[in-house]
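Peer 1:
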Amino acid sequence: MDERDGVIRTLPCCANWINRIYGILEHDTTVEELWNSKGAQEIRRLIIEGRQGEICSRDCPWLYSGRFTEVNLHVIPGTHAFEENQHLNIEEICARKLILRSRPMLVRVIPTLECNIQCRMCNQKKHKINISEKFRREIFELGPYLYDLQLHGGEVIISHEFERWTSSELFGKNPDLKLSLITNATTIPKKAQAILEDVRRNYITVSINAASRSTYAFITASDLFENVIRNTIFLRDLGLNHRRGEFDVYLSFVIMKSNYHELPDFINLAHNIGVPFRLLLVIGDRESIYTDTLLLNDVSFTVESCIKWVADGDSIKELYMIHDALKHHIGMTQNNVDVKKT
Numbered sequence: 125m126d127e128r129d130g131v132i133r134t135l136p137c138c139a140n141w142i143n144r145i146y147g148i149l150e151h152d153t154t155v156e157e158l159w160n161s162k163g164a165q166e167i168r169r170l171i172i173e174g175r176q177g178e179i180c181s182r183d184c185p186w187l188y189s190g191r192f193t194e195v196n197l198h199v200i201p202g203t204h205a206f207e208e209n210q211h212l213n214i215e216e217i218c219a220r221k222l223i224l225r226s227r228p229m230l231v232r233v234i235p236t237l238e239c240n241i242q243c244r245m246c247n248q249k250k251h252k253i254n255i256s257e258k259f260r261r262e263i264f265e266l267g268p269y270l271y272d273l274q275l276h277g278g279e280v281i282i283s284h285e286f287e288r289w290t291s292s293e294l295f296g297k298n299p300d301l302k303l304s305l306i307t308n309a310t311t312i313p314k315k316a317q318a319i320l321e322d323v324r325r326n327y328i329t330v331s332i333n334a335a336s337r338s339t340y341a342f343i344t345a346s347d348l349f350e351n352v353i354r355n356t357i358f359l360r361d362l363g364l365n366h367r368r369g370e371f372d373v374y375l376s377f378v379i380m381k382s383n384y385h386e387l388p389d390f391i392n393l394a395h396n397i398g399v400p401f402r403l404l405l406v407i408g409d410r411e412s413i414y415t416d417t418l419l420l421n422d423v424s425f426t427v428e429s430c431i432k433w434v435a436d437g438d439s440i441k442e443l444y445m446i447h448d449a450l451k452h453h454i455g456m457t458q459n460n461v462d463v464k465k466t
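Numbering (the working numbering), first residue to last: 125 to 466.
1) Under 8 Å by Cβ, that's how I've got L273 and V330 pegged, so tell me the actual separation to the nearest angstrom.
2) Express the C-alpha separation of V280 and M125 in angstroms, rounding to a whole number.
3) Using only the alpha-carbon positions, how far apart do N365 and E442 sit?
4) Hey, which unbroken runs of the alpha helix (DSSP H) at 4 residues or more fall wholly within the segment 199–262?
5) Output needed for K465: all residues of its chain with C-beta closer than 8 Å, excluding positions within five of it in sequence on either side, in chain order.
6) Give the DSSP-derived three-state secondary structure of G177 in the structure shown.
7) With DSSP as the reference, label T329 as helix, strand or coil.
8) Rounding to the nearest angstrom, what Cα-Cα distance links L393 and N355 in this structure?
9) Does F377 come out as helix, strand or coil in the three-state DSSP assignment?
10) Check for me: the beta strand (DSSP E) holding T426 runs from which residue to which?
11) In the DSSP assignment, find the unbroken alpha helix (DSSP H) run with E411 in it and report its ends.
12) Of all the options D347, D372, L348, which has the alpha carbon lying nearest to the alpha carbon of L359?
13) Determine which residues share a DSSP beta bridge with L305 and list them.
14) So what's D438 in DSSP terms, helix, strand or just coil?
15) At a Cβ threshold of 9 Å, is D272 touching chain C?
16) DSSP three-state label for R128, please.
17) Compare the C-alpha of M245 against each of I132, G147, H395, F342 and name the closest.
18) Assuming R402 is part of the alpha helix (DSSP H), what are its boundary residues?
19) Using alpha carbons as the reference points, say which of Y444, G455, M456, I454 lies closest to C184.
Shown next, in the form of structure tokens:
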């Protein structure tokens with residue numbers, strides 16, 4: 125799911141990196157209508173024809189990693205229904221099917237757009253989201269086939285919806301289903317903490333977008349930087365000692381006009397806390413780094429300078445991915461300038 129101006133769109137992956145959708149989520153929309161919609165079939169057809177470049181962005185970390193090619197198709201061990209659905213999906217991929225009988229194995233849901241901070245680059249709080257009970261039940265019916273349920277927001281863990289979407293009604297259907305979560309970690313209510321300590325986890329990403337209290341306050345209009353640090357450490361320790369198995373905790377940084385200068389300090393912050401980091405480029409007009417060529421080049425230089433001293437292999441890959449995406453944007457900007465000159 126992805127929300128734009130109050131409209132919920134459904135996609136096969138992240139909205140930042142694909143220019144097609146399965147369809148719009150209306151009140152009476154069904155999972156099947158979206159899963160095998162004309163939009164879904166078009167996306168599959170373009171991929172089959174080797175035209176993925178027409179729909180996928182160069183910024184996409186999934187493509188950049190190279191870990192999700194057809195060569196790497198495999199079955200995750202689990203229950204009979206869980207494994208059989210994966211086998212069917214692989215068969216359909218190899219047969220180049222456009223309409224699938226296999227069920228989705230990963231679902232990303234936006235249970236709420238409500239949030240307790242006011243990030244400068246975000247406008248989601250202007251809208252409300254309403255997922256029908258019928259559609260929620262259909263998602264729950266996918267439980268036996270899912271390996272990952274991703275909850276985005278808004279700030280999910282402070283919403284009453286968090287308890288609904290992590291209930292045993294869903295997670296009790298499949299011992300292999302895990303929860304992934306994006307949170308600002310400004311506060312972790314006791315009820316949410318109890319859920320996090322109980323439910324099987326894949327990963328938690330903490331959005332901090334700053335390396336200092338002052339920059340965090342400027343971006344979020346809140347003085348909660350120390351809370352985020354403290355709660356990230358709690359989540360890190362929970363991930364290392366979870367009773368259902370270890371899970372990863374990431375610190376996330378959206379590179380934008382008001383914070384890119386803190387990227388080196390952010391990398392050191394993540395290292396000092398003892399968690400890996402994730403980088404994203406800002407989307408939309410707010411805090412844009414794409415309106416000024418000098419600014420865009422300075423952002424690229426900052427990322428490049430970090431590559432020279434970062435030692436961890438995964439961190440270097442993360443930086444190279446962002447650096448290559450920035451170089452692509454710089455090239456596009458230069459081409460636009462050349463076109464205007466002619």
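Glycine included, each C-beta is placed from N, C-alpha and C at the ideal position.
Peer 2: Reading from the atomic positions:
1) About 18 Å; that fails the 8 Å criterion.
2) Within the model, the alpha-carbon separation for M125 versus V280 is close to 14 Å.
3) Rounded to the nearest whole angstrom, the C-alpha separation of N365 and E442 is 26 Å.
4) Runs found: 204–218.
5) Confidence is the limiting factor: at K465 the pLDDT is only 48, short of 50, which leaves the residue's position unreliable, though a coordinate-based value still follows. Within the same chain, K465 has no close Cβ partners at all.
6) If DSSP states are grouped into helix, strand and coil, G177 belongs with the helices.
7) Strand, per DSSP.
8) Whole-angstrom Cα-Cα distance: 14 Å.
9) Note: F377 maps to strand in three-state DSSP.
10) DSSP places T426 outside any beta strand (DSSP E); the residue lies instead in the alpha helix (DSSP H), whose first and last residues are 417–433.
11) Where E411 is concerned, there is no enclosing alpha helix (DSSP H), given that its DSSP letter is neither H nor E.
12) Comparing Cα-Cα distances from L359 to each of D347, D372, L348, the minimum goes to D372.
13) Beta-bridge partners of L305 (DSSP): L275, I328.
14) Judged by DSSP in its simplified three-state form, D438 adopts helix.
15) Here chain C cannot be found, since the structure has a single protein chain.
16) In this structure, R128 counts as strand in the three-state DSSP scheme.
17) The residue with the shortest Cα to Cα distance from M245 is F342.
18) That residue, R402, is in no alpha helix (DSSP H); its beta strand (DSSP E) goes 401–405.
19) Residue Y444 is the option with its Cα nearest to C184.
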